[in-house]
Amino acid sequence: MSMGCTKEHEPHNCCADLHTHTTASDGLLSPSELIKKSAAAGLCAVGIADHDTIDGIAEAYEASKQYGIEVVPAVELNTRFGKEEIHILGYYIQTDLVWFKNILSDIRHSRQIRARKMVDNLRRLYGMDITYEEVEIEAKDGVIARPHIARALIKKQLVTDMSEAFAKYIGNNCPAYEPRFRLTTEEGIRVVSEAGGVPVLAHPGLLSDAGLVNYVIRLGVKGIEVYHSKHTPEQCRRYDQLARKYGLLITGGSDYHGYNEAGGVNLGDVKVPYDVVDKLKKFAAESEKNIINKA
Ligand SMILES: [Zn+2]
Ligand SMILES: [Zn+2]
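For the sequence shown, position 268 matches number 267 in numbering that gives the first Met the number 0, and the numbering has no gaps at all.
Have a look at this one:
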């Protein structure tokens, strides 16, 4: 499945996978390993879009010099709209704004508290022999996320795989699930803009209510992630049309988390022509006037 960009179709172009995760959040590869793998996959640019953190970007930049890969700095914010979770990608956010880093660290802190509560729930409700420290080991120094709890459960053979962990225990509204602090979608889009970035609606095909896409467009996203490893060709077509209708950027990426964990998704499985990177840069240059330098 190579959507959006193939070298055969784009002889004068190269391809960019604009959505990946590293060990800075819940990915399995370090930023350097990811950059190395991007080079091996024949990509020319890769978007580092960790959940609620920009901590992997500096290392990715460093590694990119060695491998000739262009880093597209990004962040993925899991925002809330009512009961729905809407993911907002922020491309080319400035990485030196103290207020922005503080918001991200508040979110990460609430993830830790939430993970502790979920571990307690698993122990209390199911008598599972699992500790918060074991989950922390899975997260290494990165942002603690539910996949880390799932991996700890897998290691202890309390579940067979990631999907069982989510379906039975820690998925949204499952018995051991706990909510955490999230920005609203509106706030998420605003902080990305005020940090000089380009807000993009991530994988709209994963929303349970397709009508929400129009709502998010009205809130001011500048692009839609039309191409994503979990989108069907039909969804890609539909979101492509929608993006064109509203003059929004068409982005795409694999949402690679490392190895073949998430249903066999590989780095570069979904990619877009390099033009998209140029367009993102142009939008980011416009967004610079929104930058707020609040302390
Ligand atoms: Zn996402
Ligand atoms: Zn993602």
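Ideal placement from N, C-alpha and C gives every residue a C-beta, glycine not left out. Note that the structure is predicted; figures quoted are calculated from it, not measured.
By how many angstroms is the C-alpha of residue j removed from the C-alpha of residue i?
{"i": "Ser192", "j": "His18", "result": "19 angstroms"}
{"i": "Val215", "j": "His202", "result": "12 angstroms"}
{"i": "Leu96", "j": "Ile102", "result": "10 angstroms"}
{"i": "Val158", "j": "Ile143", "result": "19 angstroms"}
{"i": "Glu132", "j": "Ile153", "result": "15 angstroms"}
{"i": "Glu69", "j": "Asp119", "result": "42 angstroms"}
{"i": "Lys278", "j": "Ala62", "result": "24 angstroms"}
{"i": "Gln111", "j": "Met117", "result": "10 angstroms"}
{"i": "Gly55", "j": "Asp49", "result": "8 angstroms"}
{"i": "Val71", "j": "Glu32", "result": "16 angstroms"}
{"i": "Asp128", "j": "Asp105", "result": "29 angstroms"}
{"i": "Ile290", "j": "Asp160", "result": "43 angstroms"}
{"i": "Asn38", "j": "Ala44", "result": "With the sequence shown as reference, residue 38 is identified as Ala, and Asn is not the correct amino acid for it. Their Cα atoms are separated by approximately 9 angstroms."}
{"i": "Leu27", "j": "Ala151", "result": "14 angstroms"}
{"i": "Asn292", "j": "Ile85", "result": "26 angstroms"}
{"i": "Lys288", "j": "Cys235", "result": "32 angstroms"}
Within 10 angstroms of its Cβ, does residue i collect 16 or more other Cβ (buried), or is it exposed?
{"i": "His108", "result": "exposed"}
{"i": "Pro178", "result": "exposed"}
{"i": "Ala166", "result": "exposed"}
{"i": "Ile136", "result": "exposed"}
{"i": "Lys244", "result": "exposed"}
{"i": "Lys270", "result": "buried"}
{"i": "Thr231", "result": "exposed"}
{"i": "Ser162", "result": "exposed"}
{"i": "Arg217", "result": "exposed"}
{"i": "Arg123", "result": "exposed"}
{"i": "Ala164", "result": "buried"}
{"i": "Asp51", "result": "buried"}
{"i": "Glu75", "result": "buried"}
{"i": "Gly210", "result": "exposed"}
With the cut-off set at 8 angstroms, would you say residue i and residue j are in Cβ contact?
{"i": "Ser228", "j": "Ser253", "result": "yes"}
{"i": "Ala283", "j": "Gly195", "result": "yes"}
{"i": "Val220", "j": "Thr250", "result": "no"}
{"i": "Tyr125", "j": "Val199", "result": "no"}
{"i": "Leu248", "j": "Val275", "result": "yes"}
{"i": "Thr184", "j": "Phe99", "result": "no"}
{"i": "Ala59", "j": "Leu42", "result": "no"}
{"i": "Thr78", "j": "Arg181", "result": "yes"}
{"i": "Leu266", "j": "Lys35", "result": "no"}
{"i": "Cys13", "j": "Tyr176", "result": "no"}
Is any non-hydrogen atom of ligand 3 found closer than 7 angstroms to the C-beta of residue i, if you look at the structure I gave you?
{"i": "His20", "result": "By its list of ligands, the structure shown excludes ligand 3, since it contains just ligand 1 and ligand 2."}
Which residue marks the beginning of the beta strand (DSSP E) containing residue i, and which one marks its end?
{"i": "Asp16", "result": "14-19"}
{"i": "Val97", "result": "Not the beta strand (DSSP E): Val97 falls in the alpha helix (DSSP H), residues 97-125."}
{"i": "Asn289", "result": "Element bounds for Asn289: n/a, residue is neither H nor E."}
{"i": "Val74", "result": "69-80"}
Starting from residue i, trace the alpha helix (DSSP H) both ways and give me its first and last residue.
{"i": "Pro198", "result": "Element bounds for Pro198: not the alpha helix (DSSP H) but the beta strand (DSSP E), 197-200."}
{"i": "Ile153", "result": "145-154"}
{"i": "Arg232", "result": "According to the sequence provided, residue 232 is Pro. The question's Arg does not apply to it. From DSSP, the alpha helix (DSSP H) with Pro232 extends over 232-244."}
{"i": "Ile87", "result": "Per DSSP, Ile87 belongs to no alpha helix (DSSP H); it is in the beta strand (DSSP E), 83-90."}
{"i": "Thr184", "result": "184-193"}
{"i": "Arg217", "result": "211-217"}
Problem - Residues proximal to ligand 1 by C-beta, any heavy atom closer than 6 angstroms - result: Glu75, His86, Ala201, His202
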